[in-house]
Structure formats: C-alpha cells, structure tokens
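I have placed the structure first, in the form of structure tokens, so that the comments after it can refer back to it.
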Ligand SMILES: Nc1ncnc2c1ncn2[C@@H]1O[C@H](COP(=O)(O)OP(=O)(O)O)[C@@H](O)[C@H]1O
Ligand SMILES: [Mg+2]
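Residue numbers (the working numbering): 205 to 588.
Laid out in structure tokens, this is it:
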C-alpha cells in the first residue's frame, strides 16, 4: 500500500486465510497507519470503507452501504433504489470527493448469492474506468480458500491483481500475541508465563487460530477470577480447555437436524433405562420410530439411513458404535453408546420444547420387559 504515500493507487488485493489468522486485524492496522501517515505528509482525501459481508450480505446492501458511508447526510432507503441509479450516485459521489477510496470487503465469502458476488464485485472492480478525479482500491478478504473458484473470470482478474495468503499461526507467534495481550489485560505477577505457553501450544496444535488462543486465555482468567485466586496457572488453562470443549459439544448437539436429534434421543433413552449399558441398533431403531411417529409426527427414515446417521454421530464423537457379529447364523448388529454425559445432553436439549418432553419418555420395549408382577411368590411378565 506504500505507493499511496506517493499519490498513486495500489493494486487491488485479495487476502485469504483460515479464521483467526489475523486478516482483519492486519487490514485494520495497516489502514489506520496509512491514514495517519497520509495526513502527516499532507496527502488529503483518503477514504476507508470497511464492510463485513457477514453483516451486509446482499449486493444491494453493499452498494448502498458504500454510498451511505461516502455521504452520511443522505442515507439511501433500505430497499428499492434501482441499481443503475445507485451506480450513478456512487460514481458522482466518488468524483465529487476527489478521493482515493479503499473499499474493504471482509468475509467476502458470506455474500449470499452468486448475483451479489458476480455483479456487485464486477461493478466495484470496474468503477475506476468511470472515474477521472478519484480512484477506488478494493481489498477482498476471504476465510474460504477456494472462494476464487466460483468467481466470474472478469471479476477474478481485477479483484485478484495481488494475492496474499495468511498462514495459520505457529505456537511461537501465538505466544507473542498472547503475551502482548496479557501485558495489557493482567496485573503484573498474576500469570505464569508457562500458562501462556500452554495456551499457545494448544491453539497451535488445533488450528493456529489466534481468536481461539485468546478465548482460551480469557476463559482461564475467568476461572481464576471465579476461584478468587491470585495467579493464573497451567491447570487453569486445562480446565478452560475442558469448559470450551463442553460448550462446543453442547452447541453442536443444539444445532443437529431434527432427525439426528431424535436418533440421539433414542440412544440416550435406551441407555438411561438400561443403567448405562450399550444398546443395539434394532432397539435404537424401534425407539426412533416410536418417537418420530408419536411425538414428532414425522415419517420415519429407513433403518439403513438411521444406521448411517448413527455412524455420523460416531464420527463427531458424540456416540461410539461397534459392530458385533454373532456367527454365521446369528447375523451382525451395531452396539451403540453415548459418549457425552447424560447431563450434557439434557442441558443441550432442554431449550427445545419437543426434545424436553421426550427426555422422560420410556421406550415401549423397555416398559414391557421391566414390568414384572409378583403374585404370591410367582413372577409374571406383564403382557402390554
Ligand atoms: N498479529 C497479531 N497481533 C495481535 N493480535 C492478533 C494478531 N493476529 C490476530 N490477532 C488477534 O486475534 C483475533 C483474530 O484475528 P482476526 O484478524 O480477526 O482474524 P481473521 O480476520 O483472520 O479471522 C483478533 O482478536 C486479533 O486482534
Ligand atoms: Mg476476519
């Protein structure tokens, strides 16, 4: 971007990298430094327009936001301005300001439709052709590495004049980031540097995400605060990691599609009434059918499909399953057990009214086998 300081326009830049690799932080940092330096050496009229496409997701809104930031006195209506009118307005606003306008489109992969991606990005990348006294520079930032693949080639060539890839942070870099934050956030002597190193190592091992490393540190500090202790140690980091894992599991369960939730509930109910024993796929399927029909009024999936979904739950670590063979005639079955605590599953499903109602349900086959009558010393199994 240094050529801005010599009054010329830098190339458009496209930045990729996984989340937490510092893309947003770096762009914001560079922009503030650049603005500071420009005003110091007397380069007037620089505009930075930062748009997070996760918040401004449609093509219309992106163009309207740019117009509104250039001219905050005359806000455009939230919908309804014809596109050509808006482009005309954008061009005249830019021309009248005689500016070098940087437009940052952060999380550009969140633009919600192909139309927004192609036509709006096309319009923005061609603005300079219609400008005499002003210039536009585009900075696109994407968390998805193959975002480029479905872009229109015309957009691609102008948006990606220059490309930057942000790699994941390693443990040493994460440690630096954590340390500078810790110096700001904590009083002297209230943290063990070993704890920071552990945070950095754990986040680096996972995916090198600085956001993750920072939230691990924050959670550790919260644990220390809750315990009214004076110093943050490695043990606190380990407890924080446990808490974060617990939170992510609960979040994951909450977001499961309804059929998956019913399958998970079936596994839970069988296990709960069996005092924690594993259950086989037949029992789970029967319970699944009962719940989906009686309590959810849904059409049941086939047993093959349910088995596939159980395997998916297995892959995500929420349940574990193994195939047991009973010899040539006996066939095979899949034994399934829950890998999260009952309380964790209950907590995750408590907000969902229908699931909550199912948590106390007793599957029919368990009711049948459990109800024993004891009449004058003789035990009878009830016929239900
Ligand atoms: N090099 C760095 N120095 C200091 N803090 C950083 C650095 N890189 C990332 N961070 C911090 O880590 C968090 C995530 O970074 P961010 O730039 O939002 O990632 P991205 O945009 O790539 O998802 C932010 O809180 C940011 O301030
Ligand atoms: Mg970001």
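Ideal placement from N, C-alpha and C gives every residue a C-beta, glycine not left out.
Verify the contact flag: residue i, CB atom, against every heavy atom of ligand 1, threshold strictly below 7 Å.
i: residue 344; result: no
i: residue 351; result: no
i: residue 415; result: yes
i: residue 519; result: no
i: residue 412; result: no
i: residue 390; result: no
i: residue 381; result: yes
i: residue 418; result: yes
i: residue 218; result: no
i: residue 306; result: no
i: residue 224; result: yes
i: residue 456; result: no
i: residue 530; result: no
i: residue 221; result: yes
Reducing DSSP to helix, strand and coil, say where residue i ends up.
i: residue 305; result: strand
i: residue 433; result: coil
i: residue 337; result: coil
i: residue 260; result: coil
i: residue 571; result: helix
i: residue 344; result: strand
i: residue 212; result: coil
i: residue 490; result: helix
i: residue 247; result: coil
i: residue 379; result: helix
i: residue 206; result: helix
i: residue 503; result: coil
i: residue 235; result: helix
i: residue 203; result: Since the first residue of the chain shown is 205 and the last is 588, residue 203 is not available in this structure.
i: residue 470; result: helix
i: residue 296; result: helix
i: residue 357; result: helix
i: residue 365; result: coil
i: residue 556; result: coil
i: residue 520; result: coil
i: residue 456; result: helix
i: residue 390; result: coil
i: residue 478; result: coil
Can the beta-carbon of residue i be found less than 8 Å from the beta-carbon of residue j?
i: residue 467; j: residue 517; result: yes
i: residue 351; j: residue 327; result: no
i: residue 253; j: residue 270; result: yes
i: residue 469; j: residue 495; result: yes
i: residue 343; j: residue 308; result: yes
i: residue 225; j: residue 397; result: no
i: residue 525; j: residue 540; result: yes
i: residue 407; j: residue 417; result: yes
i: residue 598; j: residue 432; result: Since the first residue shown for the chain is 205 and the last is 588, residue 598 is missing from the structure and cannot be characterised.
i: residue 378; j: residue 414; result: yes
i: residue 546; j: residue 498; result: no
i: residue 249; j: residue 304; result: yes
i: residue 359; j: residue 329; result: yes
i: residue 513; j: residue 491; result: no
i: residue 315; j: residue 290; result: no
i: residue 213; j: residue 341; result: yes
i: residue 411; j: residue 222; result: yes
State the beta-bridge partners of residue i as determined by DSSP.
i: residue 221; result: 370
i: residue 538; result: 527
i: residue 255; result: 309
i: residue 279; result: Paired residue(s): none; residue 279 is not in a bridge.
i: residue 175; result: Not covered by the structure: residue 175. The range shown for the chain is 205 to 588.
i: residue 483; result: 540
Is residue i near ligand 2, in the sense that its beta carbon is under 7 Å from a heavy atom of that ligand?
i: residue 227; result: yes
i: residue 310; result: yes
Quick check on residue i - is its C-beta less than 8 Å from some C-beta in chain C?
i: residue 282; result: Of the chains in the structure shown, none is chain C; there is only one protein chain.
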